[in-house]
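Peer 1: Encoded as C-alpha cells, here's the structure I'll be asking about.
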Amino acid sequence: MQDVFNMKIPFNKSYLTGKELGYMQESLESRNIIGNGSFTKKCEKLMEDIFVAKKVLLTGSCTDALEMASLLANLGTDDEVIVPSFTFVSTVNAFILRGAKPVFVDIREDTLNMDETVIEKKITDRTKAIFPVHYAGVSCEMGTIMDIANRYNLYVVEDAAQGVYAKYKEKYLGAIGHLGTYSFHGTKNYTCGEGGAIVINDENLIEKAEILREKGTNRSKFLRGEIDKYTWVDVGSSFLLSDILAAFLYAQLEKMDEINKKRKAIFDFYYENLKELEDAGNLRLPIIPDECETNYHLFYILLHSEEKRDFLMDELKSAGVQAVFHYVPLHNSPMGMKFGYNDGDLPVTESLSSRLLRLPFYADLGLEEQKFVVDMLKKIILHLL
Ligand SMILES: *Cc1c(COP(=O)(O)O)cnc(C)c1O
1134 MQDVFNMKIP FNKSYLTGKE LGYMQESLES RNIIGNGSFT KKCEKLMEDI
1184 FVAKKVLLTG SCTDALEMAS LLANLGTDDE VIVPSFTFVS TVNAFILRGA
1234 KPVFVDIRED TLNMDETVIE KKITDRTKAI FPVHYAGVSC EMGTIMDIAN
1284 RYNLYVVEDA AQGVYAKYKE KYLGAIGHLG TYSFHGTKNY TCGEGGAIVI
1334 NDENLIEKAE ILREKGTNRS KFLRGEIDKY TWVDVGSSFL LSDILAAFLY
1384 AQLEKMDEIN KKRKAIFDFY YENLKELEDA GNLRLPIIPD ECETNYHLFY
1434 ILLHSEEKRD FLMDELKSAG VQAVFHYVPL HNSPMGMKFG YNDGDLPVTE
1484 SLSSRLLRLP FYADLGLEEQ KFVVDMLKKI ILHLL
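Here our numbering is used: the first residue of the sequence shown is 1134, the next is one more, and so on.
Right, dumping it as C-alpha cells:
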C-alpha cells in the first residue's frame, strides 16, 4: 500500500503535561533526590486521596510492586496462584521467583479478563492467591472474585498496571483487593519512564510493606520522626523510586483527569468510526461492561483469523501506521510448558490473542492521525482483506 500522505504514526509516545521539568528542577534544587522523599510523598498522598486507598507506596516499577505483593502475601514453594495466561510476564514471574506455581485460567470473550466463572474449580488445598489482571483498563469481575477469595481465605493481588484511575462499581482499581499494583512505565497512561506503585488495602500489611521497600529497615518510621534511628528489622530489598522520577510522575498524576479526557476522545473517535466495520461483520470492537469505568488504556480490534490480523498489521506498517499485538499467551510459551501446560489448554486465550491488533494510541495523537488510521483500516479491510 502506498504511503500517500507520508504519515508515520508510531504506536505509542509518552505524553508530557509541561510541568515535569519544573518539578524535577525543584527536586534537584532540594538536593534530596533519593527515594521516599518529598515528591514521593506527594504522589502517594494524591493517590491515597483520589483512589481512597489505605496506603500507596511508589516503587521502581509495577514488576517491583508485584514482587513486593508476592512477598507480602508470603507466597512460597508449591503454593498455587490462580492467574490469567493472557498477561505480561511480570504478573507471573513475581510469584514464581518465590517458588509458587501458576494455575492459569482462560479469559472471557467480552473483556479478555480472567474468566471468574472457572476460578472456583481450580482451587486446591495449595491455592494461596488470585492475581486478576485488569486488561486495557477494564475491570475484572471483582465482586465475584472477592467473594470467592473471602470464602476460601485467599489473597487477591490486582495487577492494575493498565488500570490506574479506572473503576469497578465506583471503586478505583487497585483499591479493591488485599493488594494492588500500578505501572508508570513509558507506555502507560500516566508515566515517569519507569515506575510503579503498590496499593496496600489490608491494614495488617502496611508496616511490613514499608519495611520491605526500605531494605528490611524501619527507615520509613524514622523519616516520619516516630523513632530517632533506624535499623534492620525484617527481610527486605530496595523497591524505591528516585525522587527525581517521583517529581516527573507528580506532574502527570496532577493531570490524570485531563489526560483521561484526551484518551477518551481518541477511543470514542476510533469506536464511532470503526462501528460500521463491526456492523458489517469485519471485526470486533472492545466491550466494556456497565459496571466498569475504563481509563482508555488501549484500543484493540479483533479480526477473524491470525492470518487476517498479520496481513492487516503488515499493510498498516507499509502505510506508516504502527499497529502491534500482545500478549503471546504465557501457558504455552517455553516457560509455561515447564509448568506442564500445552497448546489447546486455554482455547479462548489462544484464539483471541492470535486475532488481536492494537491501534496507535497516546494522549496527544492528533485528529489527522486518527483519521488516517481509520481510513487505512477501512481501505485495507474493505478492499484487500
Ligand atoms: C506494563 C505491565 C506490567 C509491568 O509494568 P512495569 O512497570 O513495566 O514493571 C505488568 N502487568 C501488566 C498487565 C502490564 O501491562
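Ideal Cβ placement from N, Cα and C applies to all residues, glycine included.
Given the structure is predicted, the values throughout are model-derived calculations rather than measurements.
1. Which complete beta strand (DSSP E) runs does the segment 1424-1457 hold, if anything under 3 residues is left out?
2. Have a look at L1518 and E1440 and give me their C-alpha separation to the nearest angstrom.
3. With a threshold of 16 other CB atoms inside 10 Å of the CB of L1498, please say whether the residue is buried or exposed.
4. Can you look up I1256 in the DSSP assignment and give me helix, strand or coil?
5. Mapping the DSSP letters down to three states, classify S1487 as helix, strand or coil.
6. Mind checking which residues open and close the alpha helix (DSSP H) that includes P1265?
7. Quick one: does the C-beta of S1194 sit closer than 8 Å to a heavy atom of ligand 1?
8. Threshold first: 4 residues or longer. Then list the alpha helix (DSSP H) segments lying entirely within the segment 1350-1395, N to C.
9. Cα-Cα, which of I1240, A1198 and N1207 is closest to S1223?
10. Given the structure, does T1224 come close to ligand 1, in the sense that its CB is under 8 Å from one of the ligand's heavy atoms?
11. Between which two residues does the alpha helix (DSSP H) carrying E1501 extend?
12. Between S1375 and ligand 1, is the CB less than 8 Å from at least one heavy atom?
13. At what residue ranges does the segment 1186-1243 contain a whole run of the beta strand (DSSP E), taking only runs of 3 or more?
14. As a quick exercise: from G1209, E1177, V1271 and P1265, pick the residue whose alpha carbon is nearest that of L1230.
15. Do V1332 and A1293 have their C-beta atoms within less than 9 Å of each other?
16. Pick out whichever of S1203, G1232, S1316 and A1456 has its Cα sitting closest to the Cα of F1221.
17. Check whether the Cβ of A1202 lies closer than 8 Å to any heavy atom of ligand 1, and answer yes or no.
18. Taking E1181 as part of the alpha helix (DSSP H), name the residues at either end of that continuous run.
19. Residues in its own chain within less than 6 Å of D1335 by CB, not counting five upstream and five downstream?
20. Could you check whether the segment 1293-1302 touches the segment 1270-1278, counting it as contact only if at least three pairs of C-beta atoms, one from each stretch, sit closer than 8 Å?
21. Should A1299 be counted as a contact of ligand 1 given a C-beta to heavy atom distance under 8 Å?
22. DSSP three-state call for R1284: helix, strand or coil?
Peer 2: In short, the structure shows the following:
1. 1433-1435
2. 10 Å
3. buried
4. coil
5. helix
6. Looking at the DSSP string, P1265 is not in any alpha helix (DSSP H), and its letter there is neither H nor E.
7. yes
8. 1352-1356 and 1376-1386
9. It is A1198 whose Cα lies nearest to the Cα of S1223.
10. yes
11. L1500 to K1512
12. Taken from the Cβ of S1375, every heavy atom of ligand 1 lies 8 Å or farther away.
13. Entirely contained in the segment 1186-1243, the beta strand (DSSP E) runs reaching 3 residues are, in chain order, 1188-1192, 1213-1217 and 1234-1238.
14. G1209
15. yes
16. Nearest of S1203, G1232, S1316 and A1456 to F1221, Cα basis: S1316.
17. no
18. S1171 to F1184
19. H1311
20. yes
21. no
22. Three-state result, R1284: helix.
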